[in-house]
Amino acid sequence: MRTNGAEEAKLVKDSNGTVLENGDNVTVIKDLKLKGSSQVVKVGTKVRNIRLVDGDHNIDCKVDGIGQMGLKSEFVRKAT
Numbered sequence: 045m046r047t048n049g050a051e052e053a054k055l056v057k058d059s060n061g062t063v064l065e066n067g068d069n070v071t072v073i074k075d076l077k078l079k080g081s082s083q084v085v086k087v088g089t090k091v092r093n094i095r096l097v098d099g100d101h102n103i104d105c106k107v108d109g110i111g112q113m114g115l116k117s118e119f120v121r122k123a124t
């Protein structure tokens, strides 16, 4: 079966190489400082129901206590 180029380009992998999909739950693997704020997303923070997008930050999500933000897939791992 053939896939088109758009589907292949949207293949997003976490830090362990596991393919991520819309609606997955992920865990942050590194403390992330928020640009323009003194807040930090701590290691181990669980993020539910992610949405994959194109761009520099390829995950859109809502983090409890912080709100809407974008994450890079290299700083998360898929939660089991």
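Residue 45 is where the sequence shown starts when you use the working numbering, and the numbers rise one by one after that.
In this text, a Cβ means the ideal position worked out from N, Cα and C, and glycines have one as well.
- prompt: Taking the alpha-carbon positions, what's the V91 to N102 distance?
  reply: What you label residue 91 is simply residue 47 of the sequence shown in a count that begins at 1. What you label residue 102 is simply residue 58 of the sequence shown in a count that begins at 1. The straight-line gap from Cα to Cα measures roughly 14 Å.
- request: Return the chain-ordered list of same chain residues with a C-beta closer than 7 Å to the C-beta of D68, the five sequence neighbours on each side being excluded.
  value: In the sequence shown, counting from the first residue as 1, residue 68 sits at position 24. Around D68: I94 and K122.
query: Does the beta-carbon of V87 have 16 or more other beta-carbons within 10 angstroms, so that it is buried, or is it exposed?
result: Your numbering for residue 87 matches position 43 in the sequence shown. The residue is exposed, with fewer than 16 neighbouring Cβ atoms inside 10 Å.
message: For T62, which residues in the same chain have their Cβ closer than 6 Å to its Cβ, ignoring the five residues on either side in sequence?
response: Locating residue 62 in the sequence shown gives position 18, counting from the first residue. Hits under 6 Å: K122.
field: Beta-carbon separation (whole angstroms), T124 vs V107, contact threshold 8 Å
entry: Taking the first residue of the sequence shown as position 1, residue 124 is located at position 80. Taking the first residue of the sequence shown as position 1, residue 107 is located at position 63. Going by Cβ atoms, the distance from T124 to V107 rounds to 19 Å, so no, they are not a contact pair.
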